[in-house]
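Protein chains: 2
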Amino acid sequence: MTERELRLKTAEIEKISHIDYFNIAISVDCVIFGYDDKELKVLLIKSDLEEFAGLFSLLGDLIRPDEDLETASYRILKERTGLDDVYLEQVQAFGSIKRHPSGRVITIAYYSLIDIKHHKMQLSHNELNWHPVNELKKLAFDHKLILDTCLLRLQQRVLETPIVFNLLPEKFSLRELQELYEAILGIGLDRRNFRKKISIKDWLIDIGEIENDVPHRPGKLYKLKPELKIKPARRKLQPGKS
Amino acid sequence: MTERELRLKTAEIEKISHIDYFNIAISVDCVIFGYDDKELKVLLIKSDLEEFAGLFSLLGDLIRPDEDLETASYRILKERTGLDDVYLEQVQAFGSIKRHPSGRVITIAYYSLIDIKHHKMQLSHNELNWHPVNELKKLAFDHKLILDTCLLRLQQRVLETPIVFNLLPEKFSLRELQELYEAILGIGLDRRNFRKKISIKDWLIDIGEIENDVPHRPGKLYKLKPELKIKPARRKLQPGKS
DNA sequence: TAATAAATATGTACTTACGACACATTAATT
DNA sequence: AATTAATGTGTCGTAAGTACATATTTATTA
Chain U
0 MTERELRLKT
10 AEIEKISHID
20 YFNIAISVDC
30 VIFGYDDKEL
40 KVLLIKSDLE
50 EFAGLFSLLG
60 DLIRPDEDLE
70 TASYRILKER
80 TGLDDVYLEQ
90 VQAFGSIKRH
100 PSGRVITIAY
110 YSLIDIKHHK
120 MQLSHNELNW
130 HPVNELKKLA
140 FDHKLILDTC
150 LLRLQQRVLE
160 TPIVFNLLPE
170 KFSLRELQEL
180 YEAILGIGLD
190 RRNFRKKISI
200 KDWLIDIGEI
210 ENDVPHRPGK
220 LYKLKPELKI
230 KPARRKLQPG
240 KS
Chain A
0 MTERELRLKT
10 AEIEKISHID
20 YFNIAISVDC
30 VIFGYDDKEL
40 KVLLIKSDLE
50 EFAGLFSLLG
60 DLIRPDEDLE
70 TASYRILKER
80 TGLDDVYLEQ
90 VQAFGSIKRH
100 PSGRVITIAY
110 YSLIDIKHHK
120 MQLSHNELNW
130 HPVNELKKLA
140 FDHKLILDTC
150 LLRLQQRVLE
160 TPIVFNLLPE
170 KFSLRELQEL
180 YEAILGIGLD
190 RRNFRKKISI
200 KDWLIDIGEI
210 ENDVPHRPGK
220 LYKLKPELKI
230 KPARRKLQPG
240 KS
C-alpha cells in the first residue's frame, strides 16, 4: 500500500468503522436435504418476518464470534434436528446488498444430508417441516436461489462421490438407491445400466439379507463400505447449549 | 504522520474495532491468476502485518456495507490492476476463528483470470508482483490454503468450460493453448489427443493467420468464438473511486 | 395347488470417448 | 540444397456409456 492509500484508508476507517464496516452481519444458512416417500425434501421453517409472511425459509443463524463457520452449521443442525453426525458441505456465500430487509447480512450457505427416518432425529418444534424440493416456488429472502444453488452442487457431487448414503438408512436395496438418484437428479434411469455403474464404483457390500416389507419379490440389501463413510469432523458445541 | 505511524494507527483502529463481541469483519480475497513464460502465476503483495513480515499475501479488502461481494472483488481488481473486464468466480468462504491475527475476519475467496500482457494492465505499485504458483510455499494468513483451493477449482473448471482464454491474448496458437493447460493442470499432455479434444469442443475459430515471431515453422492462430466469451457483469464502481 | 403378476437379476451389441502411438509437411536455418 | 524442429493429421486398441431382452423369484390370486 502506498502512503497515500494508507492515509485514505485510515481516514476511512476512522470515519465509518463502527457505523458501517462492522455493521455487516454474517450468518450461516443450511439447506438440509432429506429423502422420504421417493422424494427429495428440504427442511424449512415459517419465516418470522412480516415482509415474508406466509413464506418458508431455510434454517440459519448469525455466526458467533467464537465459532467457525462449520461449527455454526453443526450447531444449527444439532439445535434443529438433534443430529450431530451429519454430512455437511459449504457451497458459497451470498451477499447481495438488499437480500435481507432488516439490514446488511451476508450469509454462507451449507447443505447437509440427513436420513429422515434416523431414530435420533427430532425436529425442534412444529413449525419445522419437510417440503418436497420440486414443489417449492417461492421462499423468504433469497433462499430459493440458495436452495437451487445447493441442489445443483448436490447433483454434481453425487455422481463422483459416495455421499447419497447419508440420505438412506444403513441397509437399502438397489431399487431404493436408484429411486434416490432419480429423485436427486430429477430424471429416470435405466435399471440395468444403473446397477452396472454402481457395481463398477465398488462402493457397496452385499450384507446377505433381503427386504422383508415389500409386496413383491424382495431385493438384496446392501450397505456402504465402512471405509467410504464420510465422517464429518464432529464439532464440539458450545457448553450450555443442547 | 510517517508511513510507519500510519500503519500502526491503521492496525490499532482495526484491532479495537474487532473487540466488540458481535462484530465480525468480512473481507474479500482475490486469487488473481495470470499466465506468462509458460507458467501459471498469481499476483501477490508484501504483507504489511508484523506477524507476517517477509511473507506475501493475496489482494483483499474489507467489504463495504454498500457493495455486493462481486462488486468488492471487481473494485480490488480495478484498483490493483487497472482492469475492469475480467473473469471472476467465487470459490468459498474461509472463516476459521484465528485466521487473522488482529481479530475475527471472515473472508470470501474469488479467483480471477487475467491476460498479463493486456495493454491496459498496470499494477498499482511496485510491491505488487507476479509469482509462479508452483514455487510458493508459505503465504500470510491462510492464504496458501485459499490459493490451493482456488487452483483446484480452476483445474476442475478448465476441463468443462472455456475460461482459460481469459489468460491468453486474443490470438493464440494451439501450442500456446496446450502449454497453458499443462501449466494449469501441472501435467504434460499428448499433442495429438489434446488437439482432438479441443477440436471436439468447437470453441475456436481459425482466423487465417499464422505466428510470426517463432524460430520455427509457425502455427495457425485461433481465437475463441465470440459467443463463448464470458462477459463478466461489469460492475459499477463507487463514484469517486478510480 | 396352480396360474398369474410384478419386481429382481443379469448379459449383449452398438456407439462413443480416451490414450498410446507414427508419419508426412512446412518453414527457418545451415 | 540439405538439415532441423515444430506443425498437422490418423489409426488402433481399450474402456466407458447406452439401448435393449430374457430368465428368475416371490407374493398374490383364482
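Top to bottom, those sequences are chains U and A. The first sequence begins at 0 in numbering that gives the first Met the number 0 and counts up by one. The second sequence begins at 0 in numbering that gives the first Met the number 0 and counts up by one. Heads up, the beta-carbon is just placed ideally off N, CA and C, and yes, glycines get one too.
Output the distance between the C-alpha atoms of P131(U) and E78(A), rounded to the nearest integer angstrom. On the first sequence, position 132 is the one that residue 131(U) refers to. On the second sequence, position 79 is the one that residue 78(A) refers to. Each residue's alpha carbon lies about 46 Å from the other.
Within the 7 Å Cβ cut-off, does K14(A) reach chain U? Position 15 of the second sequence holds residue 14(A). Because the pLDDT of K14(A) is 47, which lies under 50, any placement of that residue in the model is unreliable, and the question is left without a value.
Determine whether the beta carbon atoms of S111(U) and Y73(U) lie at a separation below 7 Å. In the first sequence, the residue the question calls residue 111(U) occupies position 112. In the first sequence, the residue the question calls residue 73(U) occupies position 74. Going by C-beta atoms, S111(U) is not nearer than 7 Å to Y73(U).
For N22(A), name the three-state secondary structure that DSSP assigns. Numbered from its first residue, the second sequence carries residue 22(A) at position 23. Three-state result, N22(A): coil.
Less than 7 Å between the C-beta atoms of P64(U) and I115(A), yes or no? Residue mapping note: residue 64(U) aligns to position 65 of the first sequence, counting from 1. Residue mapping note: residue 115(A) aligns to position 116 of the second sequence, counting from 1. No; because the gap between Cβ atoms is not below 7 Å, this pair is not in contact.
Does any C-beta atom of chain U lie closer than 7 Å to the C-beta of G249(A)? Because chain A is modelled from 0 through 241, residue 249(A) falls outside the range shown and cannot be assessed.
Report back the beta-carbon spacing between K224(U) and I209(U) to the nearest angstrom; my notes put them in contact at under 8 Å. Mapped onto the first sequence, residue 224(U) falls at position 225. Mapped onto the first sequence, residue 209(U) falls at position 210. So it is not a contact: roughly 20 Å between Cβ atoms.
Buried versus exposed, by CB contacts within 10 Å (16 or more), R103(A): For the purposes of this step, residue 103(A) is taken as residue 104 along the second sequence, with counting starting at 1. Classification for R103(A): buried.
Starting from Q154(U), find everything on chain A with Cβ-Cβ shorter than 9 Å and list it in chain order. The residue you call residue 154(U) lines up with position 155 of the first sequence. The contacting residues do not exist; Q154(U) stays about 14 Å from chain A at best.
From the DSSP secondary-structure annotation, give me the bridge partner or partners of L29(A). Here the question's residue 29(A) lines up with position 30 in the second sequence. Before going further, note that residue 29(A) is Cys rather than Leu in the sequence given. Its beta-bridge partners are L58(A), Y109(A).
Reduced DSSP secondary structure (H/G/I, E/B, other) of L223(A): The residue labelled residue 223(A) in the question sits at position 224 within the second sequence. Note: L223(A) maps to strand in three-state DSSP.
I need the boundaries of the beta strand (DSSP E) containing N128(U), first residue and last residue. Counting from one through the first sequence, the residue named residue 128(U) turns up at place 129. First-last of the beta strand (DSSP E) with N128(U): 127-131.
Within its chain, find whatever has a CB closer than 6 Å to the CB of E169(A); leave out the 5 residues flanking it on each side and keep chain order. Taking the second sequence and counting its residues from 1, one reaches residue 169(A) at position 170. Excluding positions up to five away in sequence, the list reads K222.
Helix, strand or coil at L82(U) according to DSSP, with G and I counted as helix: Numbered from 1 along the first sequence, position 83 holds the residue referred to as residue 82(U). Here L82(U) sits in coil by DSSP.
By the criterion of Cβ-Cβ separation under 7 Å, what are the contact partners of R103(U) in chain A? Within the first sequence, residue 103(U) is the residue found at index 104, counting from 1. Within chain A, the residues near R103(U) are P64.
Closer than 7 Å by C-beta to R251(U): which residues in its own chain qualify, once you throw out the five before and the five after it? Chain order, please. For residue 251(U) there is no data in the structure shown, the boundaries of chain U being 0 and 241.
Whole-angstrom distance between E50(U) and H124(U), CA atom to CA atom: The sequence position of residue 124(U) within the first sequence is 125, counting from 1. The sequence position of residue 50(U) within the first sequence is 51, counting from 1. Roughly 22 Å between the two C-alpha positions.
Return the chain-ordered list of same chain residues with a C-beta closer than 7 Å to the C-beta of Q154(U), the five sequence neighbours on each side being excluded. Start at 1 with the first residue of the first sequence, and residue 154(U) comes out as number 155. Excluding residues within five positions, the ones whose Cβ falls inside 7 Å are I183, L184.
Short Cβ contact (7 Å threshold) for F120(A) with L179(A): Sequence index remark: in the second sequence, residue 120(A) carries index 121 (1-based). Sequence index remark: in the second sequence, residue 179(A) carries index 180 (1-based). Checking the sequence, you will find Met at residue 120(A) rather than Phe. No, Cβ-Cβ distance for M120(A) and L179(A) is not below 7 Å.
With a CB to CB cut of under 6 Å and the five nearest residues on each side skipped, what residues in its chain are close to D201(A)? Locating residue 201(A) in the second sequence gives position 202, where the first residue counts as 1. The answer is none, since no qualifying residue turns up.
For the beta strand (DSSP E) containing K195(U), list its first residue and its last residue. Within the first sequence, residue 195(U) is the residue found at index 196, counting from 1. No beta strand (DSSP E) holds K195(U); the alpha helix (DSSP H) holding it covers 190-200.
Do the CB positions of L138(U) and S26(U) come within less than 7 Å of each other? For the purposes of this step, residue 138(U) is taken as residue 139 along the first sequence, with counting starting at 1. For the purposes of this step, residue 26(U) is taken as residue 27 along the first sequence, with counting starting at 1. Cβ distance not < 7 Å, so L138(U) and S26(U) don't count as in contact.
Any chain A beta carbon closer than 7 Å to I25(U): The residue you call residue 25(U) lines up with position 26 of the first sequence. So, interface residue.
Starting from D147(A), trace the alpha helix (DSSP H) both ways and give me its first and last residue. Against the second sequence, residue 147(A) aligns to sequence position 148. 142-157 is the span of the alpha helix (DSSP H), which, as asked, contains D147(A).
Would you identify the three-state DSSP class for I115(A), choosing helix, strand or coil? Here residue 115(A) corresponds to residue number 116 of the second sequence, with the count starting at 1. Coil at I115(A), not helix or strand.
Under 7 Å between C-beta atoms of A108(A) and V90(A): Residue numbering aside, residue 108(A) sits at position 109 when the second sequence is read from its first letter. Residue numbering aside, residue 90(A) sits at position 91 when the second sequence is read from its first letter. A contact, by the Cβ cut-off of 7 Å.
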